[in-house]
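With the numbering used here applied, the sequence shown covers 619 to 709.
We put the beta carbon where it would ideally sit given N, CA and C, even for glycine.
Structure first, then comments.
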Amino acid sequence: MAELGNQGFTAEEIKPLWEQYCRHCLAKRCSLGWLLMAIGGFVGLITCILTIIDLVPEFRGFLMYVLTSASVLVALYGCYLVMEKPFEMAD
619 MAELGNQGFT AEEIKPLWEQ YCRHCLAKRC SLGWLLMAIG GFVGLITCIL TIIDLVPEFR
679 GFLMYVLTSA SVLVALYGCY LVMEKPFEMA D
(Lines of atoms letter the chains of each structure in order from A; the text may use other names.)
(Lines give C-alpha, C1' and ligand atoms only; values in the text may rest on other atoms or scores of the structure.)
Protein backbone atom coordinates (compact mmCIF):
# COMPACT_ATOMS: atom_id res chain seq x y z
CA MET A 619 0.00 0.00 0.00
CA ALA A 620 2.89 2.33 0.79
CA GLU A 621 4.41 1.59 -2.60
CA LEU A 622 1.18 2.56 -4.35
CA GLY A 623 1.06 5.74 -2.28
CA ASN A 624 4.59 6.58 -3.39
CA GLN A 625 3.56 6.14 -7.01
CA GLY A 626 0.98 8.90 -6.68
CA PHE A 627 -2.23 6.96 -6.03
CA THR A 628 -4.72 8.43 -3.58
CA ALA A 629 -6.21 6.47 -0.67
CA GLU A 630 -9.51 6.13 -2.56
CA GLU A 631 -7.68 4.55 -5.52
CA ILE A 632 -5.49 2.30 -3.38
CA LYS A 633 -8.29 0.60 -1.44
CA PRO A 634 -10.06 -1.06 -4.43
CA LEU A 635 -6.71 -2.09 -5.90
CA TRP A 636 -5.65 -3.65 -2.60
CA GLU A 637 -8.97 -5.49 -2.21
CA GLN A 638 -8.73 -6.83 -5.76
CA TYR A 639 -5.15 -7.97 -5.13
CA CYS A 640 -6.20 -9.73 -1.91
CA ARG A 641 -9.09 -11.48 -3.68
CA HIS A 642 -6.72 -12.61 -6.44
CA CYS A 643 -4.18 -14.00 -3.95
CA LEU A 644 -6.90 -15.74 -1.94
CA ALA A 645 -8.41 -17.32 -5.05
CA LYS A 646 -4.99 -18.54 -6.16
CA ARG A 647 -4.34 -19.98 -2.70
CA CYS A 648 -7.74 -21.71 -2.58
CA SER A 649 -7.34 -23.28 -6.00
CA LEU A 650 -3.94 -24.66 -5.00
CA GLY A 651 -5.49 -26.00 -1.80
CA TRP A 652 -8.29 -27.78 -3.64
CA LEU A 653 -5.77 -29.25 -6.07
CA LEU A 654 -3.62 -30.56 -3.21
CA MET A 655 -6.67 -32.05 -1.47
CA ALA A 656 -7.65 -33.82 -4.69
CA ILE A 657 -4.13 -35.15 -5.23
CA GLY A 658 -3.87 -36.33 -1.63
CA GLY A 659 -7.26 -38.02 -1.80
CA PHE A 660 -6.49 -39.71 -5.10
CA VAL A 661 -3.10 -40.99 -3.94
CA GLY A 662 -4.70 -42.20 -0.70
CA LEU A 663 -7.39 -44.06 -2.64
CA ILE A 664 -4.86 -45.70 -4.94
CA THR A 665 -2.70 -46.62 -1.96
CA CYS A 666 -5.68 -48.15 -0.18
CA ILE A 667 -6.65 -50.20 -3.23
CA LEU A 668 -3.07 -51.40 -3.80
CA THR A 669 -2.75 -52.35 -0.13
CA ILE A 670 -5.99 -54.34 -0.24
CA ILE A 671 -5.04 -56.11 -3.48
CA ASP A 672 -1.53 -56.82 -2.11
CA LEU A 673 0.06 -57.67 -5.46
CA VAL A 674 3.60 -57.29 -4.15
CA PRO A 675 3.80 -58.16 -0.44
CA GLU A 676 7.28 -56.63 -0.14
CA PHE A 677 5.82 -53.17 -0.75
CA ARG A 678 2.97 -53.52 1.78
CA GLY A 679 4.80 -51.51 4.45
CA PHE A 680 5.81 -48.80 1.99
CA LEU A 681 2.26 -48.49 0.68
CA MET A 682 0.59 -48.57 4.08
CA TYR A 683 2.89 -46.26 5.98
CA VAL A 684 4.84 -44.04 3.60
CA LEU A 685 2.39 -43.31 0.79
CA THR A 686 -0.64 -43.17 3.07
CA SER A 687 1.11 -40.74 5.41
CA ALA A 688 2.29 -38.61 2.51
CA SER A 689 -1.19 -38.48 0.96
CA VAL A 690 -2.76 -37.48 4.28
CA LEU A 691 -0.18 -34.73 4.78
CA VAL A 692 -0.72 -33.36 1.28
CA ALA A 693 -4.50 -33.39 1.73
CA LEU A 694 -4.28 -31.70 5.14
CA TYR A 695 -1.98 -29.00 3.80
CA GLY A 696 -4.54 -28.40 1.05
CA CYS A 697 -7.23 -28.07 3.74
CA TYR A 698 -5.07 -25.54 5.54
CA LEU A 699 -4.65 -23.47 2.39
CA VAL A 700 -8.39 -23.44 1.74
CA MET A 701 -9.62 -22.80 5.26
CA GLU A 702 -7.01 -20.47 6.77
CA LYS A 703 -7.00 -16.83 5.71
CA PRO A 704 -3.59 -15.14 5.84
CA PHE A 705 -3.22 -12.38 8.41
CA GLU A 706 -2.22 -9.69 5.92
CA MET A 707 -5.41 -10.35 3.93
CA ALA A 708 -7.74 -10.22 6.92
CA ASP A 709 -10.50 -7.64 6.76
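* Straight-line gap, residue 674 to residue 680 (C-alpha atoms, nearest Å) -> For this step, residue 674 is matched to residue 56 along the sequence shown. For this step, residue 680 is matched to residue 62 along the sequence shown. Take the alpha-carbon of residue 674 and the one of residue 680: they are about 11 angstroms apart.
* To do: With a 10 Å radius around its C-beta and 16 neighbouring C-beta atoms as the bar for buried, classify residue 701 as buried or exposed.
  => Within the sequence shown, the letter at position 83 stands for residue 701. Residue 701 comes out exposed.
* Beta-carbon contacts of residue 647 that lie in its chain and below 7 angstroms, excluding the five residues immediately before and after -> If you number the sequence shown from 1, residue 647 lands on position 29. Result list for residue 647: 699, in chain order.
* Asked: What separation, rounded to the nearest whole angstrom, lies between the Cα atoms of residue 670 and residue 682?
  -> Counting from one through the sequence shown, the residue named residue 670 turns up at place 52. Counting from one through the sequence shown, the residue named residue 682 turns up at place 64. For residue 670 and residue 682, the gap between their C-alpha atoms comes out near 10 angstroms.
* When DSSP labels each residue in this structure, what does residue 675 get in the three-state scheme? -> The residue you call residue 675 lines up with position 57 of the sequence shown. Helix.
* Asked: From 696, 630, 635, pick the residue whose C-alpha is nearest to that of residue 656; which is it?
  -> Locating residue 656 in the sequence shown gives position 38, counting from the first residue. Answer by Cα proximity: 696.
* Asked: What's the C-alpha gap between residue 665 and residue 692?
  -> Translated into the one-based positions of the sequence shown, residue 665 becomes position 47. Translated into the one-based positions of the sequence shown, residue 692 becomes position 74. The alpha-carbon atoms of residue 665 and residue 692 are separated by roughly 14 angstroms.
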